[in-house]
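This report concerns only the one structure given below.
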Amino acid sequence: MADPSSYRPAPGTIPTDPGVYRFSDAHGQVIYVGKAKNLRQRLNSYFADPANLHFRTQTMVRTAAKVEWTVVQNELESLQLEYTWIQQYDPRFNVKYRDDKSYPWLCLTWSDEYPRVFVGRGSKRKGYRYFGPFGQAWAIRETVDALLHVFPMRSCSTGVFNNAKSAGRPCLLGYIGKCSAPCVGRISPEDHREIVEDFASFMAGRTGQLTRKLERQMTQASENLEFEKAAVLRDSLTALKQATEKNAIVLADGTDADVIALAEDPLEVAVQIFNVRSGRVRGQRGWVADRADDGDTAELVEQFLLQIYADARTADTEVASAIPREVLVPVMPASGEAMVQLLREERGAHVNLHVPQRGDKRVLLDTVAKNAAESLQQHKMKRASDLSTRNRALEQLQATLELPTAPLRIECYDISHLQGTEVVASMVVFEDGLPRKSEYRRFVIKSFEGSDDLRAMKEVLTRRFRRLLDDRASMSDEAEGGPVLVDATTGAPRKFAYAPHLVVVDGGEPQVAAAAEVLEELGLADEVALCGLAKRLEEVWIPDEEYPLILPRSSEGLYLLQRLRDEAHRFAITHHRGRRSKAMVESVLDDVRGLGETRRKALLKHFGSLRKLRAASVEEIALVPGFGPRLAANVVEALGAQQPGEAINMTTGEVLPGRP
Numbered sequence: 131m132a133d134p135s136s137y138r139p140a141p142g143t144i145p146t147d148p149g150v151y152r153f154s155d156a157h158g159q160v161i162y163v164g165k166a167k168n169l170r171q172r173l174n175s176y177f178a179d180p181a182n183l184h185f186r187t188q189t190m191v192r193t194a195a196k197v198e199w200t201v202v203q204n205e206l207e208s209l210q211l212e213y214t215w216i217q218q219y220d221p222r223f224n225v226k227y228r229d230d231k232s233y234p235w236l237c238l239t240w241s242d243e244y245p246r247v248f249v250g251r252g253s254k255r256k257g258y259r260y261f262g263p264f265g266q267a268w269a270i271r272e273t274v275d276a277l278l279h280v281f282p283m284r285s286c287s288t289g290v291f292n293n294a295k296s297a298g299r300p301c302l303l304g305y306i307g308k309c310s311a312p313c314v315g316r317i318s319p320e321d322h323r324e325i326v327e328d329f330a331s332f333m334a335g336r337t338g339q340l341t342r343k344l345e346r347q348m349t350q351a352s353e354n355l356e357f358e359k360a361a362v363l364r365d366s367l368t369a370l371k372q373a374t375e376k377n378a379i380v381l382a383d384g385t386d387a388d389v390i391a392l393a394e395d396p397l398e399v400a401v402q403i404f405n406v407r408s409g410r411v412r413g414q415r416g417w418v419a420d421r422a423d424d425g426d427t428a429e430l431v432e433q434f435l436l437q438i439y440a441d442a443r444t445a446d447t448e449v450a451s452a453i454p455r456e457v458l459v460p461v462m463p464a465s466g467e468a469m470v471q472l473l474r475e476e477r478g479a480h481v482n483l484h485v486p487q488r489g490d491k492r493v494l495l496d497t498v499a500k501n502a503a504e505s506l507q508q509h510k511m512k513r514a515s516d517l518s519t520r521n522r523a524l525e526q527l528q529a530t531l532e533l534p535t536a537p538l539r540i541e542c543y544d545i546s547h548l549q550g551t552e553v554v555a556s557m558v559v560f561e562d563g564l565p566r567k568s569e570y571r572r573f574v575i576k577s578f579e580g581s582d583d584l585r586a587m588k589e590v591l592t593r594r595f596r597r598l599l600d601d602r603a604s605m606s607d608e609a610e611g612g613p614v615l616v617d618a619t620t621g622a623p624r625k626f627a628y629a630p631h632l633v634v635v636d637g638g639e640p641q642v643a644a645a646a647e648v649l650e651e652l653g654l655a656d657e658v659a660l661c662g663l664a665k666r667l668e669e670v671w672i673p674d675e676e677y678p679l680i681l682p683r684s685s686e687g688l689y690l691l692q693r694l695r696d697e698a699h700r701f702a703i704t705h706h707r708g709r710r711s712k713a714m715v716e717s718v719l720d721d722v723r724g725l726g727e728t729r730r731k732a733l734l735k736h737f738g739s740l741r742k743l744r745a746a747s748v749e750e751i752a753l754v755p756g757f758g759p760r761l762a763a764n765v766v767e768a769l770g771a772q773q774p775g776e777a778i779n780m781t782t783g784e785v786l787p788g789r790p
């Protein structure tokens, strides 16, 4: 790899103007394209201390052998040039969201005399009209099959069409009413194209006018005593409504929009996009891509918008449908108004790019965000379940932390509280790189009250490892041939009998020092390895070291530590929320006459939360075992006297109903 200093531009030679830059390797291949408002400031950041760069960025600058730039007049021009160069050079270090093999489209061969409909993938041809892409090929094929009853257009290949034309006999679809059989002259090219136009209108979301058209034709046929034709139109109308109902109405105002949301972690980003046409979800796509650098969400949104609408420039008749009138995003892109102007130029019409704050559009954006988070989680689980990947992660941790063996059992600890109240801790266990949920443990901090994470960490680790030593002492009395890891009377495994190979704490140097002190006091420092993972820069701290370890961002070992830390945080937060909800219910119901601790617990278990309890009626509460109408009325009265007030959304200023 090249030394970045060998091709660094001389001081003062880089302009301070906005522009686009590209890094090339020793063979002249462009490997990265970027833009900047200030070229000098941005490019100098690449030649700073490599240790401060994202691992992928480090690899890029060491792979490159040359950097060039082009000065432009404004940010819009830099966006356009960056867009063009990414399309032209396809740089390997730019984030790529594309996945042509996974998402099919629907095509109408518009330029043919008798256009056909088919589902395909890959590159697109000029002169054809495309819809989608769609999430699953089977779903769009099923929709097309239903629509051919309503719009009997040609769907056969050129070879089948020509064979039927030569034989003078249509294929099976012509006999069962799914094709108007233009191959044998049953319909003129003009009438067939009218059917194709109706099909295209339906796919574009204009279903209302088609429904009204069929209803008028059915009524007219009935009035003319053409009952067979009316029955066919009735069946077509039913099929059209069934196909329409498959897409749930999400926006009542008939909006045409693309809704985009992201889910991120330090290594990867998942993107989901819902295509909404005429208020209905017509398509859904998703990607999971490696992060190229430490760019924030605004920069990721900008890169995604540039790539997702890349086909709009080359499409001929469908530019307007490729870029809708409205694009909903979680945050505005880094380029702001310049991106809006670029989309408007590509579409040739107005484009509204904004972040919804309330209403149905906000709800839909949250739904897309949930899908993105689920997609990222599924991707992580798939990656974690791979045996070779897990082995590589454990081997990397063994080498990095200088352990005698691979850490087959790892325990991670996290502390959770709300301003020093309801302080709890979690212990999660991974064995062979996978979660062992039966070994998870929760702790309630008992020795003090208030906010002191270090003291809480000491208490948790002391309780856990003192229990380990106690179990070992009892086991030595039970067996002489070695430790007994199961209870002799029940056969169940002892809760804390297994010693971990590695303990991970959520935090940096202070948390690691506190944990090391506990292990030293209990005489386990030489037996149990210890490290901490700090969130800010994903640094790995080990005891008695002045500086942390910086693992490569692409390291499977770092990925495993992150999963441990995130799982411990999730488990602790869940425990904390449960205790806080229980405490709120008990505090509200303390003064209810006849309601003791047992009945309070029964009430909480039955309704699950204070919100559901507030919404319950006297009759519903009376159904709880141990409650009668009088006690239920007392509970409702107590809850009514302590109704929560209004709350304010500090981001939007919206007045919200109070939440318990």
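Residue numbers 131 to 790, in our numbering, belong to the letters of the sequence shown in order.
Ideal Cβ positions, reconstructed from N, Cα and C, are used throughout, including at glycine.
Under the DSSP assignment, A428 falls in the alpha helix (DSSP H) whose first and last residues are 427-438.
By the Cβ neighbour-count rule, A745 is exposed, with fewer than 16 other Cβ atoms within 10 Å of its own. The Cβ atoms of P148 and E205 lie closer than 9 Å to each other. With fewer than 16 neighbouring CB atoms inside 10 Å of its own CB, V485 falls in the exposed class. In this structure A555 is not in contact with D562, their Cβ atoms being roughly 24 Å apart against a cut-off of 8 Å. Shown here, Y628 sits in coil according to DSSP, grouped into three states, outside any helix or strand. Residues of the same chain with a CB within less than 7 Å of the CB of L654, apart from the 5 flanking positions on each side, are F595 in chain order. CA-CA distance, V389 to W417, rounds to 14 Å. Linking Y260 to V362 through their CA atoms gives a straight-line distance of about 29 Å.
A straight line joining the alpha-carbon of G466 with that of R346 spans about 48 Å. For L688, the three-state secondary structure derived from DSSP is helix.
Cα atoms of F281 and G164: separation of roughly 47 Å, rounded to the nearest angstrom.
DSSP links Q414 through a beta bridge to F404.
With respect to the C-alpha of C309, the residue from T341, V274, K343, A297 having the closest C-alpha is V274.
Residue range 169-176 is occupied by the alpha helix (DSSP H) that includes S175.
Under the Cβ criterion (8 Å, minimum of three pairs), the region 644-659 counts as touching the region 586-595. Excluding its 5 nearest sequence neighbours in each direction, F291 has C-beta neighbours in its own chain below 6 Å: C313, listed in chain order. Judged by DSSP in its simplified three-state form, L761 adopts helix. The continuous beta strand (DSSP E) containing I161 extends over residues 160-166.
By the beta-carbon neighbour count (other beta carbons within 10 angstroms, threshold 16), F404 is buried. Just measuring C-alpha positions, the residue of Y176, Q159, G158 sitting nearest P139 is Y176. In this structure, the beta-carbon distance from W235 to V160 does not fall below 9 Å. The Cβ-Cβ distance between A468 and L211 does not fall below 9 Å.
Taking C-beta atoms as the reference points, S685 and Q526 count as a pair closer than 9 Å. When secondary structure is reduced to three states using DSSP, A698 falls in the helix class.
When secondary structure is reduced to three states using DSSP, R255 falls in the coil class, being assigned neither helix nor strand. Inside the region 450-535, DSSP marks whole beta strand (DSSP E) runs of 3 or more residues at positions 456-458, 482-484, from first to last along the chain. The Cβ atoms of A523 and R455 lie no closer than 9 Å to each other. In this structure the region 656-667 does not lie against the region 490-510, because fewer than three pairs of beta carbons, one per stretch, are closer than 8 Å. According to the DSSP assignment, G662 belongs to the beta strand (DSSP E) that extends over 659-664. Under the three-state reduction of DSSP output, D321 falls in the helix class.
In this structure M348 does not touch H322 by the C-beta definition: roughly 21 Å separates them, more than the 8 Å allowed. Residue range 235-238 is occupied by the beta strand (DSSP E) that includes L238. Taking a contact as a CB-CB distance under 8 Å, the pair Y213 and T239 does not count as one, their CB atoms being some 29 Å apart.
Taking C-beta atoms as the reference points, L473 and V461 fail to come closer than 9 Å. From the listed residues S136, T189, L733, the smallest Cα separation to A195 is found for S136.
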